[in-house]
Amino acid sequence: MKIVVCAKYVPDATGDRKFNADNTVDRVGVDGVLSELDEYAVEEALQIRDATDGEVVVVTVGPEVARAAVLKSLQMGADSGVHVLDEAIHGSDSAATSLILARAVERQRPDLVLCGMASTDGGMSVVPAMLAERLGLPQVTFASEVVVEDTTVRIRRDGDAATEVIEATTPLILSVTDQCNEPRYPSFKGIMAAKKKPVETLTLGDLGIAADQVGLDAAWTRVDGFTERLPKSAGTVVTDDNGSGADQLVSFLVSQKFV
Amino acid sequence: MPTDEAAELVKLVREIATEQLAPRASEAEAAAQFPRDVFHLLGQTGLMSLPFDEADGGGGQPYEVYLQVLEEIATAWVSVAVDMSVHTLSSSAMARFGTPDQRETWLPGMLGGSQLGAYALSEPQAGSDVSAIATRAVRDADGYVVNGTKAWISHGPHADFFLLFARTSDDAKRGLSAFHVIAGTPGVSFGAPEKKMGMTASTTTQVIFEDVRLPVELRLGDEGQGMAIALSALDSGRLGIAACATGLGQAALDLAAAYATQRRQFGRPIADFQGLQFVLADMAAAVESARATYLSAARLRDAGRPFSRQASIAKLVATDAAMKVTTDAVQVLGGYGYTRDFPAERYMREAKVMQIFEGTNQIQRMVIARSLLREAQ
Ligand SMILES: Cc1cc2nc3c(=O)[nH]c(=O)nc-3n(C[C@H](O)[C@H](O)[C@H](O)COP(=O)(O)OP(=O)(O)OC[C@H]3O[C@@H](n4cnc5c(N)ncnc54)[C@H](O)[C@@H]3O)c2cc1C
Chain A
63 MKIVVCAKYV
73 PDATGDRKFN
83 ADNTVDRVGV
93 DGVLSELDEY
103 AVEEALQIRD
113 ATDGEVVVVT
123 VGPEVARAAV
133 LKSLQMGADS
143 GVHVLDEAIH
153 GSDSAATSLI
163 LARAVERQRP
173 DLVLCGMAST
183 DGGMSVVPAM
193 LAERLGLPQV
203 TFASEVVVED
213 TTVRIRRDGD
223 AATEVIEATT
233 PLILSVTDQC
243 NEPRYPSFKG
253 IMAAKKKPVE
263 TLTLGDLGIA
273 ADQVGLDAAW
283 TRVDGFTERL
293 PKSAGTVVTD
303 DNGSGADQLV
313 SFLVSQKFV
Chain B
383 MPTDEAAELV
393 KLVREIATEQ
403 LAPRASEAEA
413 AAQFPRDVFH
423 LLGQTGLMSL
433 PFDEADGGGG
443 QPYEVYLQVL
453 EEIATAWVSV
463 AVDMSVHTLS
473 SSAMARFGTP
483 DQRETWLPGM
493 LGGSQLGAYA
503 LSEPQAGSDV
513 SAIATRAVRD
523 ADGYVVNGTK
533 AWISHGPHAD
543 FFLLFARTSD
553 DAKRGLSAFH
563 VIAGTPGVSF
573 GAPEKKMGMT
583 ASTTTQVIFE
593 DVRLPVELRL
603 GDEGQGMAIA
613 LSALDSGRLG
623 IAACATGLGQ
633 AALDLAAAYA
643 TQRRQFGRPI
653 ADFQGLQFVL
663 ADMAAAVESA
673 RATYLSAARL
683 RDAGRPFSRQ
693 ASIAKLVATD
703 AAMKVTTDAV
713 QVLGGYGYTR
723 DFPAERYMRE
733 AKVMQIFEGT
743 NQIQRMVIAR
753 SLLREAQ
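Protein chains in written order, with this note's numbering: chain A, 63 to 321; chain B, 383 to 759.
Following this line, the structure appears as structure tokens:
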């Protein structure tokens with residue numbers, strides 16, 4: 063089974079996050095990583111590959127530094143990578159990203175396309191659906207468990223009120239949640255092996271996409287401004303002097319309209 | 383870092399250390415719980431065999447890189463790093479002195495990532511004075527019969543194999559021999575865990591040998607070569623401890639520096655006071671010189687040059703630095719540093735043993751002086 067994983071390079075959620083002058087997320091000037099939520103997609107792909115004797119190709123769209131997302135996937139065990147790199151991509155919205163991904167993915171003729179459930183930076187959880195639409199393939203989102211038997215895929219989706227099991231046939235697009243597995247760490251041997259694995263770099267031209275179809279100018283939405291979340295304020299300390307603590311707590315909660 | 387791979391490796395180790403080790407350390411130390419699962423994870427990731435040849439199933443990394451990995455792990459959880467270093471020490475004799483047959487039989491398992499090795503040299507009456515070892519391996523028609531008690535054996539009850547040193551004759555120089563002992567061999571048992579001051583997650587026990595039969599094929603090197611094997615392993619082991627101590631010092635420094643910027647007295651962060659800044663600066667200088675010292679010794683080793691004196695210097699400098707820096711960290715945290723709510727006091731307790739094991743720092747000075755004076759003659 064040939065599996066393509068769409069993996070995004072995002073700013074490390076534990077570090078400082080910044081915006082560029084054009085209000086797009088700065089992915090170059092900050093520490094970045096393979097999106098944590100996409101690690102689940104890579105892991106799921108590796109497990110399916112190992113069970114079906116298949117192949118895993120990782121596709122990423124992003125600036126030069128985004129290659130790190132491909133590299134991390136290769137270190138985890140993916141077989142090869144595709145990096146779509148073109149200056150005109152900067153500022154692309156979900157619709158444009160899904161177009162680029164669709165073109166890059168379809169060249170691979172995959173049986174299964176795996177995505178994470180959302181990105182941890184500017185994320186709307188819509189790329190898998192858009193990708194399915196563009197590729198004319200069925201899609202199942204938010205899989206918590208995936209079982210593959212030949213061309214049949216059984217997917218468990220855990221909702222708030224109910225759990226459903228969906229059966230689909232390949233080719234198929236699937237997004238997986240952070241419940242479906244425990245992503246592995248790369249091994250040292252994996253790190254060494256990754257250096258020798260092929261990574262294809264493609265431009266928009268290679269994919270037959272015109273520069274004006276994507277990028278900030280083609281985006282359907284635009285970020286006009288942003289405000290940083292206020293830093294945490296000092297908070298109120300309740301000291302329990304001769305048993306008055308409980309009363310103080312209650313009046314604090316009342317004053318804040320928490321109770 | 384000498385190579386891209388090494389830089390990637392350290393990145394991976396940092397990730398594992400922050401996500402899997404650091405969050406568990408304080409609790410496991412308080413509960414004296416040996417984290418066997420952590421060694422499985424490190425093994426799967428290939429971190430338990432980094433300095434061994436690739437042909438033997440190792441990572442083929444120079445000591446310079448292996449030690450920095452060890453330091454990263456020590457910063458997150460020093461007991462784990464020390465046990466990793468002990469595993470390296472315990473595997474090194476097979477890699478270096480094993481016959482081709484022995485290496486082929488045993489090394490893949492030892493370095494495969496699922497096994498943990500222990501180092502059984504010390505005895506109740508033979509600490510600094512290794513020549514006082516009383517555990518005997520008596521040769522008979524079928525092999526050896528071992529009787530005796532080993533003391534202070536790190537992760538003894540959790541080990542899959544032991545590098546054992548036992549007396550095969552009373553010859554002063556060539557009285558000891560080395561053996562590879564597989565856990566579960568009949569006659570091997572363990573004492574109760576020592577009630578230690580620190581590093582409680584690393585179980586330390588006696589290992590008792592009662593009529594333990596070992597085939598001759600499990601002897602490493604020649605009969606009588608034990609002392610040479612023990613000492614050659616210890617030179618490298620001391621570098622391991624130096625790296626662990628440096629990582630521990632770094633952890634204490636990071637904690638103290640962060641605390642100093644948060645804690646306010648006299649209306650401002652205590653980090654504003656020059657008196658405290660100088661404490662922090664001295665701590666940083668101590669950690670940095672410890673690191674430079676072990677790296678310089680490691681580079682000698684990697685270049686195939688003699689490094690025994692430099693290994694002892696590194697062990698001495700780095701562990702004394704760790705003791706000083708962790709003590710100062712408690713000072714920087716004030717009363718809070720003296721409580722178990724912060725890891726500063728734990729770091730201080732952990733630092734103390736660094737000055738004691740793998741040759742006390744008095745013994746290191748002896749080694750240094752001896753080599754120095756031999757050269758001066
Ligand atoms: C937590 C822990 C883990 C350990 N793990 C292992 C292990 O895995 N395997 C193993 O084999 N051993 C292990 N050891 C043993 C350790 O290596 C010994 O404790 C160490 O070598 C010191 O021996 P001793 O405790 O008998 O002290 P002694 O040798 O009795 O020393 C007592 C004091 O006398 C000093 N002294 C001794 N001789 C001289 C001299 N000639 N000149 C000046 N001063 C001297 C020493 O420096 C020390 O201050 C471990 C010990 C500890 C505490």
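In this text, a Cβ means the ideal position worked out from N, Cα and C, and glycines have one as well.
- Task: Identify the continuous alpha helix (DSSP H) that holds residue 422 of chain B and give its terminal residues.
- Result: 418-426
- Query: For residue 175 of chain A versus residue 208 of chain A, is the C-beta distance shorter than 8 Å?
  - Reply: Contact: no.
- Determine whether the Cβ of residue 138 of chain A lies closer than 8 Å to any Cβ atom of chain B. no
- Query: Assuming residue 154 of chain A contacts residue 186 of chain A under a Cβ cut-off of 8 Å, what Cβ separation, rounded to an integer in Å, is found between them?
  - Reply: 13 Å between Cβ atoms; not a contact.
- Message: Is residue 578 of chain B close to ligand 1? I mean its beta-carbon at under 7 Å from any heavy atom of the ligand.
- Response: True, at least one ligand heavy atom lies under 7 Å from that Cβ.
- Euclidean distance between Cα positions of residue 419 of chain B and residue 148 of chain A: Note on geometry: alpha-carbon atoms of residue 419 of chain B and residue 148 of chain A lie some 44 Å from one another.
- Item | Near-chain B residues of the segment 158-170 of chain A (beta-carbon distance less than 8 Å), N- to C-terminal order | none
- Task: Give the straight-line distance between the Cα atoms of residue 272 of chain A and residue 120 of chain A, rounded to the nearest whole angstrom.
- Result: 23 Å
- Message: Can you tell me whether residue 746 of chain B sits near ligand 1, meaning its C-beta is under 7 Å from at least one heavy atom of the ligand?
- Response: no
- Query: For chain B, is any of its Cβ atoms less than 8 Å away from the one on residue 228 of chain A?
  - Reply: no
- Message: Between B:600, B:592 and B:664, which has its C-alpha nearest residue 530 of chain B's C-alpha?
- Response: B:592
- Relative to the alpha-carbon of residue 68 of chain A, which residue among A:243, A:198, A:135 and A:316 has its alpha-carbon at the smallest distance? A:135
- Three-state class that DSSP yields for residue 178 of chain A in the structure shown: Shown here, residue 178 of chain A sits in a strand according to DSSP, grouped into three states.
- Message: Which runs of the alpha helix (DSSP H) at least 4 residues long sit entirely within the segment 508-539 of chain B? Give them in chain order.
- Response: Assignment of alpha helix (DSSP H) within the segment 508-539 of chain B, counting only whole runs of 4 or more residues, yields no such run.
- Any C-beta of chain B sitting closer than 8 Å to the C-beta of residue 249 of chain A? yes
- Message: Is residue 110 of chain A close to chain B? Criterion is C-beta to C-beta, closer than 8 Å.
- Response: no
- Report whether the distance from the Cβ of residue 542 of chain B to the nearest heavy atom of ligand 1 is below 7 Å. no
- Item | Span separating the alpha-carbon of residue 447 of chain B from that of residue 526 of chain B | Straight-line Cα distance between these residues: approximately 39 Å.
- Item | Per-residue contacts from residue 254 of chain A into chain B (C-beta, under 7 Å) | 387
- Apply the 10 Å Cβ neighbour rule to residue 543 of chain B and answer buried if 16 or more other Cβ atoms are within range, or exposed otherwise. buried
- Give the secondary structure of residue 169 of chain A by DSSP, where H, G and I count as helix, E and B as strand, and everything else as coil. coil
- Item | Residues of the segment 392-425 of chain B whose Cβ lies closer than 8 Å to any Cβ of chain A, in chain order | 394, 397, 398 and 423
- Message: If we define contact as Cβ-Cβ less than 8 Å, is residue 494 of chain B a contact residue for chain A?
- Response: no
- Counted within 10 angstroms of its Cβ, other Cβ atoms place residue 561 of chain B as buried (16 or more) or exposed: When all chains shown are included, residue 561 of chain B counts as buried.
- Query: Does the beta-carbon of residue 534 of chain B have 16 or more other beta-carbons within 10 angstroms, so that it is buried, or is it exposed?
  - Reply: It is buried - the Cβ of residue 534 of chain B has at least 16 other Cβ atoms within 10 Å.
- Item | Under 8 Å between C-beta atoms of residue 108 of chain A and residue 118 of chain A | yes
- Message: Under 7 Å: does the beta carbon of residue 739 of chain B sit that close to some heavy atom of ligand 1?
- Response: yes
- Query: Is residue 662 of chain B near residue 639 of chain B, with beta carbons less than 8 Å apart?
  - Reply: A contact, by the Cβ cut-off of 8 Å.
- Task: Identify each residue in the segment 436-461 of chain B for which the Cβ-Cβ distance to at least one residue of chain A is less than 7 Å, and report them in chain order.
- Result: Taking 7 Å as the Cβ-Cβ cut-off against chain A, the residues of the segment 436-461 of chain B that qualify are 441.
- Query: How is residue 250 of chain A classed by DSSP in three states: helix, strand or coil?
  - Reply: helix
- Query: Can you give the Cα-Cα distance for residue 265 of chain A and residue 146 of chain A, rounded to whole angstroms?
  - Reply: 6 Å
- May I ask you to report which of helix, strand or coil DSSP gives residue 501 of chain B? Assignment of residue 501 of chain B by DSSP, reduced to helix, strand and coil, places it in the strand class.
- What's the C-alpha gap between residue 656 of chain B and residue 203 of chain A? 58 Å
- Message: If we define contact as Cβ-Cβ less than 8 Å, is residue 550 of chain B a contact residue for chain A?
- Response: no
- residue 600 of chain B versus residue 484 of chain B - alpha carbon distance: The straight-line gap from Cα to Cα measures roughly 8 Å.
- Beta-ladder partner(s) of residue 230 of chain A, from DSSP: A:215
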